[in-house]
Structure formats: C-alpha cells, structure tokens
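As structure tokens, the structure follows; a few thoughts come after it.
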C-alpha cells in the first residue's frame, strides 16, 4: 500500500514518543519541533491539491464547480441553502490520505474525475446557512486544505456576517485564500472595477492584505463562462508550489529521523539479541545460586537413610528415628541431616549478580550514547545483589525445608516384614532361653535357626532399605533444587529482568519505527522525484 506524509509523521511521533522512555526528552527537542511544525503546515499533506469552495447562498458556488469540471457535478439553485450536504469532486483514483480526510469530514457524496490531475474540490455548505454545523465544518477544514475559494456575488460581497464571523477570525489562513467575484456578467466594466476596488478595501479592513481576487461568471445568462481559465491556471500553479513544499516536508522528516537516531544511538536495522542473552544470563544467575546444593548430597543421603530406616528398619531403627527427632538428640548433639540441606546463597550473590551487570555493561557499550549511559545508571551492582538476596529469601520461604518423603505401600510392607522378623528373632530367643540344650548335638536346633535366620534376613533387608533410602535422598535433593529453581527463576525475570526488558523493548520499538520511517521516507522521495507525490 502506498504511504503518505501522514504515515511518516505518525512513525516519527511513535519513534519520538518511545524515545522519551530511553533518553532525556530534551535531546529529542529539535526532532519533535520539526515533526510538530510539519503537522502545522497549512494544507493537505499529500500529492493532491485540495481546494474548498466556500460561499453564501446564491453566490454561484456550485455553478463555479460545474464550470471547472466542464460538466454538471453539483446541483444549482436559489433555495436556502442550496448546498446542504458537502460534495467532493476528486480524482477517480484518490490517494489514501485524501480518502481519510473525506472520511474524517463525513463527506460521503463523492464524484470522481480524470480531467484535472490531482485536484480535489470540496463544495461545502453555504456559509450563511442557518445551520451552525455548516459553519463549524468550514472552520475545521481550513487548516487541512491547500486553498479556499471564497465565492462572492456583487450583491452580498460585503456581507457583515461573512466578514465578521469568518474572514476576520480566519485571517491567519489568508495565504490560502482565493476570492472569486462571481456573476460579473450582471455588471458593467465600470461597476466591476468599482466592486473589486471596494472588496479590496473591505478585505484590508479584515486584515487580509494583497488578496488574490478573480472575476468570473460561472453560469452567465448568455455565452460561455468567464474567468474560469484564469482560475484553472492559478490552481495548476499550486501543484508546482505544493511539490516544493513536499520536498521541504520530506527533508524535514529525514532531518527529524536523523535527530532521533543521534539522540538514541540507534542505528537503522541493528539488533542486540537481548532476549537470547538475557536467558543465558538469568540461567547463569540461577545456576550459581544453586551450585552449593550439590555439596549437600551427603546430608541428603544421610537424611534419606534415616527416613528409610524409620519406615523399614524394624523396631530398633524406629526407636532410633524417634530419638533423632526428639529433643534428646539435639541435647546429645546429633545432626539433623535434613535441616542441613538449605539454600544459603549469601556467598554466591556477588558472583551471580556479575552475570547480569556484565550483560548490562556489554549492552550499554554496544549501544552507546545516552541510552547506554541510562542503562548503566539504572542497573548497579549493589542494587542487583540486594534484589538477588531478596528473591532468594522469598524463594526459600516459598519452597520450605528439605525433607525426604517415603510414600508407597511397599514401605509399609517392608516395615511389617521387619517387625515380623523381629518377632521371629524374639520368639527364637525365648525358645532358646527355655531350652538351652538346643545347642547340644542331636537336640532341636529350631530356636537357633529362628534367631540366625531372622537376624540375617533383617540385616539383608536393612541393607536394601538403606540403599533405597539413599536413592530417595538423592532424588529428594534433585527435586528440592528444581523447586528452588522454579521459584527463583521467574522472580529474577520479574524483578530484575522485566525493567531492563522494558527499556530494551522501548528501544526496539524506536528502532522499528525508525527503520519503517526510513523506508516510507525513501518511498515518498522516489514518488516525489517521479512526480507522483
């Protein structure tokens, strides 16, 4: 789709608006002023020359449009007001900006032409209409058209309402005005000169000096239209003047864009691969904080062993487990191996923070300029270290303490089996106590067999239980580390990465807008050179 000046201005505004988030707005002042000045330029910002026809009832405004078109485009008459609905006589293939202008003005009646290049004439409601909305439309349109043809007639050219309510307040747009004294076929040559001289004096009193006044008879009673060729030549001349204006507008756009590039240090089309680099840095931070967890494997294995013995170690092991969990064990100085496993990253914070500060330093020097300095000033080592300590504490509190949980029916089966084996040993011992002769040759040895078999089975089962407990401890340590990682990483992203990412996203949006602005400006320049703008 072909772009127009408005598209380029919108991109410039976007680039400047986003740039205020990453550099001092004062550095963007010159570019912002150029953009604002371009928007304030009088006239339609496109290749079309847009002319508004303004006049009172009976002035022959619609007849003038028909004479310019060489055919009947607008209805004529003396009914008040004749032009109640605005009408647009526009190129058959209008540019997008012109269509948007008509849409904004709610001008739906449009007639296409192929006879007058890119001229667009808007036949507006009569200025002396009793409908105030008509007058407001004229006033809102003036800053957005290239010329205004004020159509006057010999009887009402000095209309007090026209001069007091419209021409005097709108005198700042006088460079756009063309005054057409229509219906001169009703005047003698002397009367025509007298009326034109009087009109000049009235306009001077309105503050409009050296006005362009043309005499026409768009629909004379007899003969062909008068003065239409002179008006057409003037309108054609405005195409050349407009091309000079468009050349200056495009040059100003390029200068404004270059100003944003200089202020932000953003080269067109460049990237920083920030997201990829942040992911690597955040992974490094999390990894360094969790590195000490691998040193807790002996404690995790011991905690798993103890938990397994409580579950499946038999009566003595259960008693020992109870003792370890009681206050008596703490009085005796026995270790609580599970409590030894905890995240204490205080000694690792500085090294972890370095991964982020190094990334920021690299980015800031790669980018350079005001944005690079801003980035370095916002991400200080002490600030990052404090934030890492805070999120580490929160993550540890959220995950809770380390413990080895042994669930599953087979642990209950092993526990029951150990109690049964203990019962066999006790029964054998009691039997042996009552029949000590079982050690003699030829006596019943079942009590001894019960004791030996029970003890051996219990020892073998206990070794299996210990091995399973150690494996469970190792697995629990891995799960605990992953839980800490899952709690840590999102917080690092949110509290440290998000503010940096917001800055980088603003910079990326500026870079995107500048790149697109460069493309649109180049396109406009090519079309201007080819005479298509």
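Residue numbers (my numbering): 6 to 538. The beta-carbon is built from N, C-alpha and C at its ideal position, and this holds for glycine as well.
Given residue 14, which residues of its chain have a CB within under 8 angstroms of its CB, disregarding the five upstream and five downstream residues?
40, 43, 44, 50 and 258
Rounded to whole angstroms, what is the Cα-Cα separation between residue 232 and residue 187?
9 angstroms
Which word fits residue 468, buried or exposed, when buried means at least 16 other C-beta atoms lie within 10 angstroms of its C-beta?
exposed
For residue 189, which residues in the same chain have their Cβ closer than 6 angstroms to its Cβ, ignoring the five residues on either side in sequence?
Correct list, in chain order: 197, 220 and 222.
Just to confirm before moving on: does the CB-CB distance between residue 490 and residue 295 stay below 8 angstroms?
yes
Given a cut-off of 8 angstroms on the beta-carbon distance, is the pair residue 66 and residue 128 in contact?
yes
According to DSSP, simplified to helix, strand and coil, what is residue 218?
strand
Quick one: grab the DSSP three-state call for residue 421.
helix
Three-state secondary structure (DSSP) at residue 92?
strand
Rounded to a whole number of angstroms, what is the C-alpha to C-alpha distance between residue 539 and residue 494?
What the structure shows of the chain is the stretch from 6 to 538, and residue 539 is not part of that stretch, so it cannot be assessed.
Tell whether a beta-carbon distance below 8 angstroms holds between residue 518 and residue 37.
no
Answer yes if the region 511-528 comes into contact with the region 404-413, meaning at least three C-beta pairs across the two stretches below 8 angstroms, and no otherwise.
No, the region 404-413 is not in contact with the region 511-528.
Rounded to whole angstroms, what's the CA-CA distance from residue 250 to residue 147? Just pull it up for me.
Our two residues, residue 250 and residue 147, have alpha carbons roughly 18 angstroms apart in a direct line.
Taking the alpha-carbon positions, what's the residue 311 to residue 305 distance?
10 angstroms
Where residue 400 and residue 488 are concerned, what is the direct C-alpha to C-alpha distance, given to the nearest angstrom?
9 angstroms
Would you kindly check if the distance between the Cβ of residue 125 and the Cβ of residue 93 is under 8 angstroms?
yes
For the beta strand (DSSP E) containing residue 185, name the first residue and the last one.
That run of the beta strand (DSSP E) goes 182-186.
Rounded to the nearest angstrom, how far is the Cβ of residue 366 from that of residue 381, given a contact under 8 angstroms?
7 angstroms
Please list the segments of the alpha helix (DSSP H) lying wholly inside the region 23-72, counting only runs of 4 or more residues, in order along the chain.
34-45
To which residues of the same chain is residue 61 closer than 7 angstroms at the C-beta, ignoring the five residues directly before and after it?
Only 131, 132, 133, 161, 164 and 167 meet the Cβ criterion.
Whole-angstrom Cβ separation of residue 277 and residue 372, contact assumed at under 8 angstroms?
7 angstroms
Below 8 angstroms between beta carbons: does that hold for residue 54 and residue 184?
No; because the gap between Cβ atoms is not below 8 angstroms, this pair is not in contact.
What are the boundary residues of the beta strand (DSSP E) that residue 177 is part of?
Unbroken run through residue 177: none, as it is neither H nor E.
State the DSSP-derived secondary structure class of residue 118, mapped to helix, strand or coil.
In the three-state reduction of the DSSP assignment, residue 118 falls in the strand class, which pools E and B.
In the DSSP output, which residue or residues are listed as bridge partners for residue 522?
None; residue 522 has no bridge partner.
Quick check on DSSP: helix, strand or coil for residue 85?
Legend: pLDDT at residue 85 = 48, less than 50; position of this residue unreliable, no value from coordinates given.
Which two residues bound the contiguous alpha helix (DSSP H) that contains residue 472?
451-497
Use the C-beta contact count for residue 80: other C-beta atoms within 10 angstroms, 16 or more gives buried, fewer gives exposed.
Exposed, by the Cβ-count rule.
Report the residue from 76, 48 and 509 whose alpha carbon sits nearest the alpha carbon of residue 102.
48
From the DSSP output, in three-state form, read off residue 156 for me.
strand
CB-CB under 6 angstroms to residue 360, same chain, minus the five flanking residues each way: which ones, in chain order?
Once the five neighbours on either side are set aside, the close Cβ partners of residue 360 are 286, 289 and 290.
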